[in-house]
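For reference, the structure discussed in these notes is given below.
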Amino acid sequence: MFKKLLLVWLLGVIAISFLADEPSRKLVVFESSMTVYGERIPIEQKEIINTPAPIVVITQEEIKEKGVKTFSELIETAEGALGRDITGNPVERSVDLRGFPAGTSVAVFLDGVRLNNISDNSMNFEIIPIEIIDRVEIYSGALAPLYGGGAIGGVINIITKKGEAIPRIDLVYGAGSFGTRDQKANFSFSKDKFTLFSSFSLRYAQGYRENDGYRLDDGLIKMGYSFDEKKSFSFLFKYEGGAVSAPGALTEEEMRQNRKQSPYNKYDGSRGRHKIYALTYSQKIAENSIFVVEAFERIHLNDILTTGRSKSGFQTNSDEKMGGGVVQFSQTLPCKKGAVEWSSALEYQKGRDVSKGFYTSIFGEKLSSATSTKTDEKNFGGYLKASYILPKWRFDAGYRKDNTKYDYADFFTPQNNEKKSFSEGTVRSSISYFISEDNILFAAFSEGYKIPTVVELFSYPGFYSNPDLLPSRVNDYEIGYKYFGEKLRTKLTLYKMFLRDEAVFVLTDPVWFIGMNQNIGKSYRKGLEGDFSLQLPNDFEMDFSGTYRNAKVTEGLNIGKELPMVAKAIANLSVIKRFEKSFVNLGARYVSSQYLDNDLSNEREKLPSFVVAFLNINYTKGPINIEVKFDNLFNKKYSTRGVTNGFTDYFNPAYPFSAEVLLKYSF
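To convert, note that position 413 of the sequence shown is 415 in this note's numbering; the numbers rise steadily by one, no gaps.
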């Protein structure tokens, strides 16, 4: 199957490339041709065509054309990415890359600051409003040699906007289905050596289901100052706060009765306050060397209430603070017929998470204290990478060493007081061949790892701790092809990932959903992923991205079984028609069937496949822009996630047809 797909794709690309372009012409139409891949702090850009890795870059213009509402929806448009509704509210979603569905195997960075939570390496995607984004870079596969642990599925790099040369103010108001309201204000300014960008937004909705609303307020200020052509300084402050309701999952019978109901989770939800401070200084040392240093602090405060079918509830209050810094140096040197690029970085992070848990009634009233814990975490890491670049060949190699220490204290009995230390080293190597300046073939090998998180090692009451968990390790092999022409752009990657000691939650008492995290042995993920963009006559453009993959256990009790919540096939197709002052984007998404969460034995009926369509219409006249978005265009009934206890299956029903109108005035 893989060989047939690969052959069809390559034949199609080669045929169209000969028809579409002169081989010597550089990319001029596509804006997403630059990347900051290869550097820990995103300062210097490179051409994607020259990077030996599968990279998706989404620019702010492409974000506008896609018509997405949330950051998680934006990530889902990339090949191999799949989002899931975890709590029943579409705002609070997880995103997986390369078939890691738990939402804890992707590292996320905002201007060089890592956003993943200390406790479980998860990411609150709702804290990133799309209006602050200059571009997003998505790297699939194991990238620990550059970005450290927890990145076995991939890395998401967010670069925020900067101040523009001409002062500009954008005011946005939006209204849509289910009481959705959007209010946004952006200000951009640049004068001489100083730049400023600020963004403020308020988003709220009543929701489609009972207990299914949200209210999110965001703010960002980014200032930059250039001392001269070689030295610059920037300051970033970001704030997000709000509350998200969680209507929970329903059985099939309950969905047939009423998909809007939330009979057991009437008061569930989360509240959060998130802050990020970052200072970055960069200096060019001569023409071919750059020195960068960044210091940051981030604060995550979360309150989560979960009740459900057990007629009781549990509330968690978490106070997390993390600070640290990165020092990076990169240099380019001429060498015989080519050049040598090398870079090195050291980073240090120190954080603390203080959490308290309470048993509650189904109404959220606190009944008694259940847990009181403190976790201190220290991370120290560094990497060295080098590239030797010739006219037709490129050779890359890198090594990274990381050390992580946990100091966990449990103030209630039975106590799990423990100190854990993990030390991991990873390598990445690749070779690239430039067929022409528009064509590249590459092969890469990379290692990755994910150390057990605090939640996996020391679980909450009702779940059994497993402090003996081992780090999950992965060996990732990739072969890729890229073509970036004037009218055609395509990327294709064939990969196989071998994992050992993958940590999975295993039910030991299905009736009460009680279990523990265990290393299941060995597994693999292999697949084909790629995208295809073609400029058509009459200002049409067609974009296709997709993946076909397999994920199976190769050792242990469930040998030969497919891993739950890994869809074999995902496809995105969109057609854009551009006019002088407007554009129309019609698209669809297909996700194949997949086994339910917790169904490691593959005994339950699969979560059904689904196709969902969207339409985005955008019109600009002078300072006014009007955008109309339609989601689930044909009102399909489907679910993005299902979970089982071995007896009963539960699903989160997706939203039906919805629409939103956004009005923007710029001056």
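Ideal placement from N, C-alpha and C gives every residue a C-beta, glycine not left out.
DSSP beta-bridge partners for M125? M125 pairs with nothing; no bridge assigned.
State the DSSP-derived secondary structure class of L609, mapped to helix, strand or coil. strand
Contacts around N418, its chain only, beta-carbon distance under 7 Å, and the 5 residues preceding and following it disregarded: Y410, D412, F460, S467, P469
Determine whether the beta carbon atoms of K484 and K498 lie at a separation below 8 Å. no
With DSSP run on the structure shown, which of helix, strand or coil describes Y526? strand
Backbone CA spacing between I453 and S121 [nearest angstrom]: 12 Å
Helix, strand or coil for I154, going by three-state DSSP, please let me know. coil
Do the CB positions of G90 and A251 come within less than 8 Å of each other? yes
Could you say which of V456, G648, L281, V577 lies nearest to S320 if we only look at CA atoms? V456
Run through the segment 501-587 for me and flag every whole alpha helix (DSSP H) of 4 or more residues, listed as ranges in chain order. none
Separation of I578 from V70, as counted between CA atoms: 14 Å
Contact between the segment 518-530 and the segment 539-553 (3+ Cβ pairs under 8 Å): yes
For P169, count neighbouring C-beta atoms within 10 Å of its own C-beta (all shown protein chains included) and say buried if the count is 16 or more, exposed if not. exposed
Going by DSSP in three states, A146 sits in which element: helix, strand or coil? helix
Sorted by chain position, which residues of the same chain lie with C-beta nearer than 7 Å to R275's C-beta, five sequence neighbours on each side aside? G243, L303
Does any CB atom of chain C fall closer than 8 Å to the CB of I481? Protein chains in the displayed structure number just one, and chain C is not present.
Close-in-space but distant-in-sequence residues of the same chain around A445 (CB under 6 Å, 5 per side omitted): I433, I481
Closer than 6 Å by C-beta to Y451: which residues in its own chain qualify, once you throw out the five before and the five after it? Chain order, please. A146, G151, E426, P473, R475
Segment contact flag, the segment 351-360 with the segment 313-328, C-beta cutoff 8 Å, min 3 pairs: yes
Three-state secondary structure (DSSP) of F298: strand
When you compare each of E449, N188, N118, T61 to S138 by their alpha carbons, which one comes out closest? The sequence given here places Val at residue 138; Ser does not occur at that position. The candidate whose alpha carbon is nearest that of V138 is T61.
Can you pull the DSSP bridge partners for N477? E449, F500
I'd like to check one pair, S345 with S332: are the Cβ atoms closer than 8 Å? yes
Determine the direct distance from the alpha carbon of L335 to that of I287, and round the result to whole angstroms. 13 Å
CA-to-CA distance, V115 to A280, given in whole angstroms: 8 Å
Identify the residues that DSSP records as bridge partners of N634: which are they? N634 pairs with nothing; no bridge assigned.
Coarse secondary structure for V356, derived from DSSP in three states: strand
Just verifying my parser: in three-state terms, what is the DSSP assignment at S668? strand
So, at 6 Å on beta carbons, what are the nonlocal neighbours of L588 in its own chain, with the 5 sequence-adjacent residues on each side left out? V577, L617
Within the continuous beta strand (DSSP E) that includes S363, where are the two ends? Per DSSP, S363 belongs to no beta strand (DSSP E) and is neither H nor E.
Taking all protein chains shown into account, decide if V613 is buried (16 or more other Cβ within 10 angstroms of its Cβ) or exposed. exposed
Quick check on the DSSP output: the alpha helix (DSSP H) that includes I77 runs from which residue to which? 73-78
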